[in-house]
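Visitor: Throughout the sequence shown, residue numbering follows my numbering, covering 4 to 113 in sequence.
We treat Cβ as the ideally placed atom computed from N, Cα and C, and that holds for glycine.
A single structure is presented below for examination.
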Amino acid sequence: MFLSSLCGEKLEVHSDDVLEEELLNKNLVILSKISDPFGGSLYLLRSPSLTIPQGLVRITEDSYDWVEKLKNELFEKKVGPVWLVSQHSPTSGVVGMVNCLKREPEGERI
4 MFLSSLCGEK LEVHSDDVLE EELLNKNLVI LSKISDPFGG SLYLLRSPSL
54 TIPQGLVRIT EDSYDWVEKL KNELFEKKVG PVWLVSQHSP TSGVVGMVNC
104 LKREPEGERI
C-alpha cells in the first residue's frame, strides 16, 4: 500500500524476484531487504541522485588570473556549486573573501 502511494501506481503483490525487477524498472535502488518467516519483506529504497556539475577555482597569491575564472563560474555557467581552493598560501584571505562573496548575487553557490 505504502509503496503504491509513493510510486503513484497500483502495484500488485508479487514474489520477491518479480517485485525487485519491477522496482529496478521504476529506477529505484534497493539498499536493504529484510524478510520475515511469514513471507513478508521490507525494502529500503533510494531513488538515484542527479549529478550536478561543480566548478573549481584555484586561488594563488602571485597572480589574479583566477578572478576571471571565478566570474565565469558564477555568472556565466550558473550551474552547481563553485569550490574555491587556496593551497600553499596560509595568508591568502580566502575565508574572508568567501564570506563577502556569499552576500553577492549567486554567492549562495560558493
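The beta strand (DSSP E) that contains G58, what's its start and end?
Guide: Start and end: 58-62.
Visitor: With which residues is I37 paired in a DSSP beta bridge?
Guide: L45
Visitor: Which of the three DSSP states is assigned to V82 in this structure?
Guide: coil
Visitor: Compare the C-alpha of S50 against each of N30, S89, S8 and name the closest.
Guide: N30
Visitor: Is L27 buried or exposed, if buried means 16 or more other CB atoms sit within 10 Å of its CB?
Guide: exposed
Visitor: Provide the residue span of the alpha helix (DSSP H) that contains D68, from first to last.
Guide: Element bounds for D68: n/a, residue is neither H nor E.
Visitor: Quick check on DSSP: helix, strand or coil for V88?
Guide: strand
Visitor: Figure out for me which residue from L77, I62, E109 has the closest Cα to the Cα of Q90.
Guide: I62
Visitor: V60: buried (16+ other C-beta within 10 angstroms of its C-beta) or exposed?
Guide: buried
Visitor: Going by the DSSP bridge assignment, what does V32 pair with across the sheet?
Guide: R49
Visitor: Would you mind working out which of P93, V88, F41 sits nearest V101, comparing C-alpha positions?
Guide: V88
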